[in-house]
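Start counting the sequence shown at 143; every next residue gets the next number (this note's numbering).
Glycine is no exception: its CB is placed at the ideal position from the N, C-alpha and C atoms.
Quick caveat, the model's predicted, so the values are computed rather than measured.
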Amino acid sequence: MRTSIKEISEILRKSLENGFYPNGQLPSERDLAEEFSVSRQTIRAVLGQLLQSDERVQRLPNGRLIHKGQTKTIIFFFPVMISHDCASHFSALWNCAQELNLALRPVYYSDWLDPSLVQGINKADIIVLLPSVKLPPWLVNKLQRCGKPVLVLEFDESPHGLLSVDFFPEQGMEVLLEYLDNQGFKDINLLNVYPVSEVISRRQQVWQKWLRAHCGKGTPYDFIVTPRLHMNDEQCNLLRQGIQTKKLPLNRLLLCTTQRAAWLLIRAAADLGLQAGRDFSTACIDGELQAAFSTPSITSIERADPRPFFMRFLTWALSGQPWTDSLYVQVPDVHLIEGESIIRN
143 MRTSIKEISE
153 ILRKSLENGF
163 YPNGQLPSER
173 DLAEEFSVSR
183 QTIRAVLGQL
193 LQSDERVQRL
203 PNGRLIHKGQ
213 TKTIIFFFPV
223 MISHDCASHF
233 SALWNCAQEL
243 NLALRPVYYS
253 DWLDPSLVQG
263 INKADIIVLL
273 PSVKLPPWLV
283 NKLQRCGKPV
293 LVLEFDESPH
303 GLLSVDFFPE
313 QGMEVLLEYL
323 DNQGFKDINL
333 LNVYPVSEVI
343 SRRQQVWQKW
353 LRAHCGKGTP
363 YDFIVTPRLH
373 MNDEQCNLLR
383 QGIQTKKLPL
393 NRLLLCTTQR
403 AAWLLIRAAA
413 DLGLQAGRDF
423 STACIDGELQ
433 AAFSTPSITS
443 IERADPRPFF
453 MRFLTWALSG
463 QPWTDSLYVQ
473 VPDVHLIEGE
483 SIIRN
(Lines of atoms letter the chains of each structure in order from A and count residues from 1; the text may use other names and numbers.)
(Lines give C-alpha, C1' and ligand atoms only; values in the text may rest on other atoms or scores of the structure.)
Protein backbone atom coordinates (compact mmCIF):
# COMPACT_ATOMS: atom_id res chain seq x y z
CA MET A 1 0.00 0.00 0.00
CA ARG A 2 1.50 3.32 -1.14
CA THR A 3 2.00 6.15 1.30
CA SER A 4 -0.18 9.14 0.39
CA ILE A 5 1.08 12.65 -0.34
CA LYS A 6 -0.58 13.91 2.83
CA GLU A 7 1.07 11.21 4.96
CA ILE A 8 4.55 11.83 3.52
CA SER A 9 4.11 15.57 3.97
CA GLU A 10 3.19 15.09 7.64
CA ILE A 11 6.13 12.74 8.23
CA LEU A 12 8.57 15.24 6.69
CA ARG A 13 7.07 18.15 8.62
CA LYS A 14 7.49 16.34 11.96
CA SER A 15 10.97 15.18 11.00
CA LEU A 16 11.99 18.76 10.24
CA GLU A 17 10.49 20.10 13.47
CA ASN A 18 12.24 17.43 15.53
CA GLY A 19 15.62 18.05 13.97
CA PHE A 20 15.88 14.71 12.16
CA TYR A 21 17.61 16.28 9.16
CA PRO A 22 20.94 18.12 9.67
CA ASN A 23 20.56 21.92 9.62
CA GLY A 24 16.82 21.52 8.97
CA GLN A 25 17.45 20.79 5.28
CA LEU A 26 15.61 18.04 3.41
CA PRO A 27 17.50 15.58 1.17
CA SER A 28 17.22 15.72 -2.61
CA GLU A 29 14.04 14.70 -4.46
CA ARG A 30 15.77 11.52 -5.62
CA ASP A 31 16.78 10.51 -2.07
CA LEU A 32 13.30 11.24 -0.72
CA ALA A 33 11.69 9.24 -3.51
CA GLU A 34 13.89 6.27 -2.62
CA GLU A 35 13.22 6.71 1.10
CA PHE A 36 9.44 6.56 0.67
CA SER A 37 9.40 4.25 -2.39
CA VAL A 38 7.42 6.72 -4.49
CA SER A 39 8.05 8.59 -7.74
CA ARG A 40 9.87 11.93 -7.91
CA GLN A 41 6.62 13.43 -9.22
CA THR A 42 4.93 12.42 -5.96
CA ILE A 43 7.76 13.94 -3.94
CA ARG A 44 7.44 17.21 -5.88
CA ALA A 45 3.76 17.29 -4.91
CA VAL A 46 4.69 16.61 -1.28
CA LEU A 47 7.24 19.42 -1.24
CA GLY A 48 4.76 21.78 -2.83
CA GLN A 49 2.23 20.96 -0.11
CA LEU A 50 4.86 21.55 2.57
CA LEU A 51 5.68 24.98 1.13
CA GLN A 52 2.02 25.98 1.07
CA SER A 53 1.05 24.62 4.50
CA ASP A 54 4.00 25.78 6.62
CA GLU A 55 5.48 29.27 6.29
CA ARG A 56 8.57 28.14 8.20
CA VAL A 57 9.50 25.90 5.25
CA GLN A 58 11.40 27.75 2.52
CA ARG A 59 13.08 26.79 -0.74
CA LEU A 60 16.85 27.28 -1.06
CA PRO A 61 18.58 28.39 -4.29
CA ASN A 62 19.60 24.76 -4.91
CA GLY A 63 15.94 23.75 -4.91
CA ARG A 64 15.92 21.92 -1.60
CA LEU A 65 13.63 22.84 1.29
CA ILE A 66 14.76 24.06 4.69
CA HIS A 67 12.84 24.49 7.95
CA LYS A 68 13.63 27.87 9.49
CA GLY A 69 11.88 27.20 12.80
CA GLN A 70 13.61 23.92 13.49
CA THR A 71 13.55 22.71 17.09
CA LYS A 72 17.00 22.09 18.49
CA THR A 73 17.78 18.42 18.99
CA ILE A 74 19.40 16.63 21.91
CA ILE A 75 20.90 13.29 20.95
CA PHE A 76 21.33 10.92 23.86
CA PHE A 77 23.87 8.20 23.09
CA PHE A 78 23.81 5.04 25.19
CA PRO A 79 25.03 1.44 24.86
CA VAL A 80 22.94 -1.28 23.24
CA MET A 81 23.07 -3.22 26.55
CA ILE A 82 20.58 -0.83 28.15
CA SER A 83 20.36 -0.61 31.93
CA HIS A 84 17.83 0.92 34.28
CA ASP A 85 20.18 3.91 34.54
CA CYS A 86 19.81 4.52 30.80
CA ALA A 87 16.04 4.46 31.05
CA SER A 88 15.91 6.78 34.08
CA HIS A 89 18.36 9.24 32.48
CA PHE A 90 16.36 9.26 29.26
CA SER A 91 13.10 9.85 31.13
CA ALA A 92 14.60 12.76 33.08
CA LEU A 93 16.09 14.27 29.91
CA TRP A 94 12.78 13.89 28.10
CA ASN A 95 10.94 15.80 30.85
CA CYS A 96 13.48 18.64 30.70
CA ALA A 97 13.41 18.70 26.89
CA GLN A 98 9.63 19.03 26.92
CA GLU A 99 9.81 22.02 29.25
CA LEU A 100 12.37 23.74 27.01
CA ASN A 101 10.70 22.81 23.70
CA LEU A 102 13.63 20.66 22.60
CA ALA A 103 13.58 17.43 20.61
CA LEU A 104 15.21 14.38 22.18
CA ARG A 105 16.45 11.45 20.12
CA PRO A 106 17.95 8.25 21.54
CA VAL A 107 20.84 6.71 19.62
CA TYR A 108 22.08 3.24 20.55
CA TYR A 109 25.67 2.24 19.85
CA SER A 110 27.20 -1.23 19.98
CA ASP A 111 30.83 -0.13 20.37
CA TRP A 112 33.05 2.89 19.72
CA LEU A 113 33.33 2.01 16.01
CA ASP A 114 29.58 2.12 15.51
CA PRO A 115 28.91 4.63 12.67
CA SER A 116 25.80 5.87 14.49
CA LEU A 117 28.11 7.78 16.85
CA VAL A 118 29.68 10.00 14.21
CA GLN A 119 26.39 10.36 12.32
CA GLY A 120 24.59 11.38 15.51
CA ILE A 121 27.27 13.85 16.58
CA ASN A 122 27.04 15.53 13.18
CA LYS A 123 23.25 15.81 13.40
CA ALA A 124 22.91 16.85 17.04
CA ASP A 125 22.60 20.37 18.42
CA ILE A 126 23.24 19.13 21.97
CA ILE A 127 25.09 15.90 22.86
CA VAL A 128 24.56 13.74 25.94
CA LEU A 129 26.71 10.61 26.10
CA LEU A 130 26.50 7.67 28.50
CA PRO A 131 29.64 5.57 28.00
CA SER A 132 30.18 2.01 29.18
CA VAL A 133 33.98 2.49 29.26
CA LYS A 134 36.38 5.40 28.94
CA LEU A 135 36.18 7.31 25.68
CA PRO A 136 38.82 6.51 23.03
CA PRO A 137 41.12 9.38 21.95
CA TRP A 138 39.54 9.76 18.50
CA LEU A 139 36.07 10.24 20.03
CA VAL A 140 37.37 12.71 22.61
CA ASN A 141 38.93 14.67 19.76
CA LYS A 142 35.68 14.53 17.77
CA LEU A 143 33.65 15.85 20.70
CA GLN A 144 36.20 18.56 21.47
CA ARG A 145 36.05 19.85 17.90
CA CYS A 146 32.32 19.48 17.18
CA GLY A 147 31.51 22.97 18.50
CA LYS A 148 28.38 21.75 20.31
CA PRO A 149 27.44 21.47 23.99
CA VAL A 150 28.53 18.05 25.25
CA LEU A 151 27.69 16.27 28.52
CA VAL A 152 29.30 12.97 29.56
CA LEU A 153 27.42 10.95 32.17
CA GLU A 154 29.01 8.92 34.99
CA PHE A 155 32.59 9.20 33.64
CA ASP A 156 35.02 12.01 34.32
CA GLU A 157 36.21 13.36 30.97
CA SER A 158 36.81 16.86 32.36
CA PRO A 159 40.62 16.57 31.95
CA HIS A 160 39.87 16.56 28.20
CA GLY A 161 37.72 19.69 28.46
CA LEU A 162 34.39 17.83 28.35
CA LEU A 163 31.66 18.66 30.86
CA SER A 164 31.05 15.54 32.98
CA VAL A 165 28.56 14.70 35.72
CA ASP A 166 28.52 11.91 38.29
CA PHE A 167 25.10 11.28 39.84
CA PHE A 168 26.53 8.55 42.06
CA PRO A 169 29.85 9.84 43.43
CA GLU A 170 32.05 8.08 45.97
CA GLN A 171 30.34 9.95 48.80
CA GLY A 172 27.11 8.11 47.97
CA MET A 173 28.65 4.72 48.65
CA GLU A 174 30.18 6.02 51.85
CA VAL A 175 26.72 7.01 53.13
CA LEU A 176 25.59 3.39 52.70
CA LEU A 177 28.74 1.91 54.24
CA GLU A 178 28.50 4.30 57.20
CA TYR A 179 24.91 3.22 57.77
CA LEU A 180 25.85 -0.48 57.63
CA ASP A 181 28.70 0.18 60.06
CA ASN A 182 26.27 1.80 62.48
CA GLN A 183 24.06 -1.29 62.18
CA GLY A 184 26.97 -3.44 63.39
CA PHE A 185 28.31 -4.70 60.07
CA LYS A 186 32.09 -4.26 60.31
CA ASP A 187 32.99 -7.11 57.96
CA ILE A 188 31.36 -6.98 54.52
CA ASN A 189 31.75 -9.24 51.47
CA LEU A 190 31.15 -7.96 47.95
CA LEU A 191 29.03 -9.72 45.30
CA ASN A 192 29.26 -8.84 41.60
CA VAL A 193 27.44 -10.45 38.67
CA TYR A 194 28.41 -8.01 35.90
CA PRO A 195 31.49 -8.08 33.65
CA VAL A 196 34.00 -5.79 35.29
CA SER A 197 33.75 -2.25 33.95
CA GLU A 198 35.14 1.05 35.18
CA VAL A 199 31.93 1.64 37.16
CA ILE A 200 32.15 -1.78 38.84
CA SER A 201 35.89 -1.33 39.47
CA ARG A 202 35.30 2.03 41.11
CA ARG A 203 32.69 0.51 43.43
CA GLN A 204 35.08 -2.30 44.33
CA GLN A 205 37.81 0.22 45.12
CA VAL A 206 35.55 2.27 47.40
CA TRP A 207 34.55 -0.92 49.27
CA GLN A 208 38.20 -1.96 49.70
CA LYS A 209 39.19 1.54 50.83
CA TRP A 210 36.37 1.57 53.39
CA LEU A 211 37.37 -1.80 54.86
CA ARG A 212 41.00 -0.72 55.21
CA ALA A 213 40.02 2.55 56.87
CA HIS A 214 37.70 0.77 59.36
CA CYS A 215 39.84 -2.35 59.95
CA GLY A 216 37.12 -4.52 58.43
CA LYS A 217 37.36 -7.81 56.60
CA GLY A 218 35.77 -8.79 53.31
CA THR A 219 36.04 -11.04 50.30
CA PRO A 220 34.94 -10.25 46.73
CA TYR A 221 32.79 -12.84 44.95
CA ASP A 222 32.22 -12.77 41.18
CA PHE A 223 29.49 -14.82 39.50
CA ILE A 224 29.76 -13.53 35.94
CA VAL A 225 28.44 -15.00 32.70
CA THR A 226 28.68 -13.67 29.16
CA PRO A 227 25.67 -11.40 28.44
CA ARG A 228 23.08 -13.37 26.45
CA LEU A 229 19.50 -14.57 26.46
CA HIS A 230 18.45 -16.41 29.65
CA MET A 231 21.53 -15.16 31.50
CA ASN A 232 19.38 -14.49 34.59
CA ASP A 233 18.50 -18.20 34.83
CA GLU A 234 22.15 -19.17 34.45
CA GLN A 235 23.39 -16.71 37.05
CA CYS A 236 20.63 -17.63 39.48
CA ASN A 237 21.67 -21.29 39.15
CA LEU A 238 25.31 -20.35 39.77
CA LEU A 239 24.35 -18.40 42.90
CA ARG A 240 22.23 -21.29 44.20
CA GLN A 241 25.14 -23.66 43.68
CA GLY A 242 27.49 -21.19 45.36
CA ILE A 243 25.24 -20.98 48.43
CA GLN A 244 24.81 -24.77 48.61
CA THR A 245 28.55 -25.50 48.28
CA LYS A 246 29.52 -22.64 50.66
CA LYS A 247 31.49 -20.99 47.84
CA LEU A 248 29.22 -18.03 48.46
CA PRO A 249 28.97 -17.84 52.26
CA LEU A 250 26.02 -16.02 53.82
CA ASN A 251 27.53 -15.67 57.30
CA ARG A 252 28.70 -12.13 56.50
CA LEU A 253 26.73 -9.27 54.94
CA LEU A 254 26.88 -9.40 51.14
CA LEU A 255 27.12 -5.96 49.57
CA CYS A 256 26.01 -6.20 45.93
CA THR A 257 27.59 -3.98 43.30
CA THR A 258 24.22 -3.55 41.55
CA GLN A 259 20.53 -3.93 42.24
CA ARG A 260 20.41 -6.83 39.79
CA ALA A 261 23.02 -8.73 41.81
CA ALA A 262 20.92 -8.27 44.97
CA TRP A 263 17.74 -9.32 43.18
CA LEU A 264 19.38 -12.52 41.81
CA LEU A 265 20.91 -13.33 45.21
CA ILE A 266 17.57 -12.95 47.01
CA ARG A 267 15.85 -15.14 44.40
CA ALA A 268 18.53 -17.84 44.54
CA ALA A 269 18.46 -17.91 48.35
CA ALA A 270 14.65 -18.01 48.43
CA ASP A 271 14.73 -21.12 46.23
CA LEU A 272 16.73 -22.75 49.05
CA GLY A 273 14.31 -21.59 51.74
CA LEU A 274 16.47 -18.68 52.89
CA GLN A 275 15.12 -15.16 53.34
CA ALA A 276 17.07 -11.93 53.24
CA GLY A 277 16.64 -10.01 56.48
CA ARG A 278 15.86 -13.20 58.39
CA ASP A 279 18.52 -15.78 57.48
CA PHE A 280 21.18 -13.54 55.96
CA SER A 281 21.90 -9.88 55.24
CA THR A 282 22.40 -8.14 51.92
CA ALA A 283 22.47 -4.59 50.61
CA CYS A 284 23.17 -3.02 47.23
CA ILE A 285 25.18 -0.01 46.16
CA ASP A 286 22.67 1.37 43.68
CA GLY A 287 18.98 0.62 44.15
CA GLU A 288 18.18 1.84 40.61
CA LEU A 289 14.80 3.16 41.85
CA GLN A 290 13.62 -0.42 42.46
CA ALA A 291 15.14 -1.46 45.79
CA ALA A 292 12.35 0.02 47.92
CA PHE A 293 9.73 -1.94 45.97
CA SER A 294 11.41 -5.35 46.15
CA THR A 295 10.23 -8.06 48.56
CA PRO A 296 11.90 -7.70 50.95
CA SER A 297 12.91 -4.11 50.33
CA ILE A 298 16.67 -3.87 49.80
CA THR A 299 18.90 -1.67 51.94
CA SER A 300 20.59 0.57 49.38
CA ILE A 301 21.43 4.01 48.13
CA GLU A 302 19.40 5.73 45.41
CA ARG A 303 21.25 8.24 43.27
CA ALA A 304 20.27 11.89 43.07
CA ASP A 305 17.41 13.03 40.85
CA PRO A 306 19.16 14.01 37.59
CA ARG A 307 16.48 16.46 36.45
CA PRO A 308 17.74 19.61 38.22
CA PHE A 309 21.21 19.22 36.71
CA PHE A 310 19.86 18.28 33.27
CA MET A 311 17.73 21.43 33.31
CA ARG A 312 20.75 23.48 34.29
CA PHE A 313 22.85 21.94 31.53
CA LEU A 314 20.22 22.39 28.80
CA THR A 315 19.49 25.99 29.83
CA TRP A 316 23.21 26.71 29.58
CA ALA A 317 23.46 24.87 26.23
CA LEU A 318 20.76 27.13 24.79
CA SER A 319 22.35 30.30 26.17
CA GLY A 320 25.48 30.15 24.03
CA GLN A 321 27.55 31.30 27.01
CA PRO A 322 30.74 29.55 28.23
CA TRP A 323 30.45 27.11 31.12
CA THR A 324 32.01 28.91 34.09
CA ASP A 325 31.83 26.24 36.83
CA SER A 326 33.90 23.09 37.28
CA LEU A 327 33.83 20.74 34.31
CA TYR A 328 33.43 17.79 36.67
CA VAL A 329 30.17 17.97 38.61
CA GLN A 330 29.32 15.55 41.42
CA VAL A 331 25.72 15.40 42.62
CA PRO A 332 25.94 13.89 46.13
CA ASP A 333 22.25 14.19 47.08
CA VAL A 334 21.75 10.43 47.45
CA HIS A 335 18.84 8.84 49.29
CA LEU A 336 19.33 6.01 51.79
CA ILE A 337 16.82 3.15 51.66
CA GLU A 338 16.67 1.48 55.10
CA GLY A 339 15.38 -1.78 53.67
CA GLU A 340 14.28 -5.08 55.18
CA SER A 341 17.15 -7.08 53.67
CA ILE A 342 19.53 -6.85 56.64
CA ILE A 343 19.34 -8.49 60.05
CA ARG A 344 19.34 -5.75 62.65
CA ASN A 345 20.70 -6.32 66.13
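Bridge partner(s) assigned by DSSP for residue i
i	result
residue 424	396
residue 308	472
residue 251	221
residue 334	364
residue 444	477
Neighbourhood of residue i by C-beta distance below 6 Å, restricted to the same chain and skipping five residues each side
i	result
residue 294	271, 304, 306
residue 249	217, 219, 258, 262
residue 394	329, 331
residue 252	222
residue 353	360
residue 242	456
residue 453	238
residue 373	367
Whether residue i touches residue j by CB criterion (7 Å)
i	j	result
residue 168	residue 206	yes
residue 429	residue 482	no
residue 335	residue 403	yes
residue 377	residue 365	yes
residue 489	residue 155	Here the chain comprises residues numbered 143 to 487, so residue 489 is not present and cannot be evaluated.
residue 186	residue 215	no
residue 317	residue 476	yes
residue 396	residue 424	yes
residue 188	residue 147	yes
residue 321	residue 431	no
residue 310	residue 445	yes
residue 291	residue 459	yes
residue 314	residue 153	no
residue 273	residue 297	yes
Beta-carbon separation (whole angstroms), residue i vs residue j, contact threshold 8 Å
i	j	result
residue 382	residue 414	6 Å
residue 192	residue 151	6 Å
residue 356	residue 328	7 Å
residue 255	residue 269	Not quite, the Cβ-Cβ distance comes to about 18 Å (not below 8 Å), so this is no contact.
residue 426	residue 400	6 Å
Close Cβ partners of residue i (< 8 Å) along its chain, the five nearest in sequence each way excluded
i	result
residue 416	385, 392, 422
residue 469	300, 303, 304, 305, 306
residue 480	321, 441
Residues of its chain near residue i, where Cβ-Cβ distance is below 7 Å and the 5 sequence neighbours each way are ignored
i	result
residue 275	339, 340
residue 455	293
residue 208	166, 167, 200, 202
residue 283	none
residue 231	272, 295, 448
Exercise. Is it a yes or a no for the segment 337-349 touching the segment 373-388, going by three-plus beta-carbon pairs under 8 Å?
Worked result: The segment 337-349 vs the segment 373-388: no contact.
Problem set entry | Touching by the beta-carbon criterion (3+ pairs, under 8 Å), the segment 224-243 and the segment 447-458 | In short, these stretches touch, since the Cβ pair count reaches three.
Exercise. Counting pairs of beta carbons, one from the segment 425-442 and one from the segment 402-411, are three or more of them closer than 8 Å?
Worked result: As far as the Cβ criterion goes, the segment 425-442 touches the segment 402-411, which means the pair count is three or higher.
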